[in-house]
Each structure stands twice: as structure tokens, then as C-alpha cells.
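In what follows, a structure is listed as C-alpha cells, so that the remarks can point back to it.
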Amino acid sequence: MSLWHGDIDSENIRPGVQVTISSPHHVVRVITADQLSIEAASGKRIGGVVQDRTGPEMRLALDDGHTVSLTMLSDDSIARPNDASLPFSRQVWRAD
Numbered sequence: 030m031s032l033w034h035g036d037i038d039s040e041n042i043r044p045g046v047q048v049t050i051s052s053p054h055h056v057v058r059v060i061t062a063d064q065l066s067i068e069a070a071s072g073k074r075i076g077g078v079v080q081d082r083t084g085p086e087m088r089l090a091l092d093d094g095h096t097v098s099l100t101m102l103s104d105d106s107i108a109r110p111n112d113a114s115l116p117f118s119r120q121v122w123r124a125d
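Have a look at this one:
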């Protein structure tokens with residue numbers, strides 16, 4: 030089980046909102062039972078646990094009791110590990 034950091038450019042996770050999960054130190058590989066700490070544009074934190082991750086689909090149980098389904102849009106390593114200017118790895122997901 031891992032803890033990942035994510036960002037959204039909205040206040041809440043709702044259909045169409047993209048969640049970007051990134052790491053400067055590890056290749057992002059979100060799996061079932063991982064925890065997510067998602068930061069909204071205002072700085073608000075949204076916590077959740079991955080209930081199921083199968084291929085490009087993920088079901089996330091949020092701390093407030095809601096469940097959201099997400100579809101992976103991209104899985105990229107976007108900079109070399111020694112390049113501190115960009116996150117090393119990221120996955121972008123869209124809420125369905």
C-alpha cells in the first residue's frame with residue numbers, strides 16, 4: 030500500500046475533472062488499496078482509498094463516503110530522475 034499525492038483544478042471530484050497523480054521520486058503505479066491525498070485548487074485536501082484498480086479503470090472511495098470511478102488518460106514519465114524541475118512520473122485520470 031502506497032500514499033500518492035494528486036491535484037485537481039476544481040473544488041471537488043466530479044465527472045470530467047482530471048486528477049493528476051505525480052511523484053518526484055518514484056514511478057507512479059496506483060494499485061488497489063493505495064491511499065490518495067488530492068489537493069483541490071483552493072488547497073482543500075480530499076482523501077481516499079483505491080477500492081479497485083483494473084487496467085485503465087479505478088474506483089476510489091473518498092473519505093466523505095462517496096465513491097468515484099476514474100479512467101486513466103495518460104501514464105507518463107515526464108522527466109529524468111535527476112531533473113528536479115518537473116515531476117519524475119505522473120498518471121492523469123478523468124472522473125466518470
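When you read off a place in the sequence shown, starting at 1, and then add 29, the result is the number in my numbering.
We put the beta carbon where it would ideally sit given N, CA and C, even for glycine.
Scanning I67, T61, D125 and G45 for the CA closest to the CA of S31 turns up T61.
Apart from sequence neighbours up to five positions away, the residues of its chain that approach D105 with a beta-carbon distance below 6 Å are R119, ordered along the chain.
When V46, A124 and P44 are compared, the shortest CA-CA separation from M87 is found for A124.
A69 and T49 have their alpha carbons spaced roughly 11 Å apart.
A direct Cα-Cα distance of roughly 11 Å separates W33 from P53. Taking 8 Å as the upper bound for CB-CB distance, L65 and V46 are not in contact here, some 14 Å apart.
Taken in chain order, the unbroken stretches of beta strand (DSSP E) that lie wholly in the segment 36-72 and span 3 residues or more are 47-52 and 64-68.
Out of G84, G76 and S103, the CA that lies nearest to the CA of G94 is found in G76. DSSP, reduced to helix, strand and coil, places G77 within a strand of the structure shown.
Only residues of its own chain outside the window of five on either side were considered, and among them M30, S31, L32, W33, V78, V79 and R82 have a CB closer than 8 Å to the CB of D63, listed in chain order.
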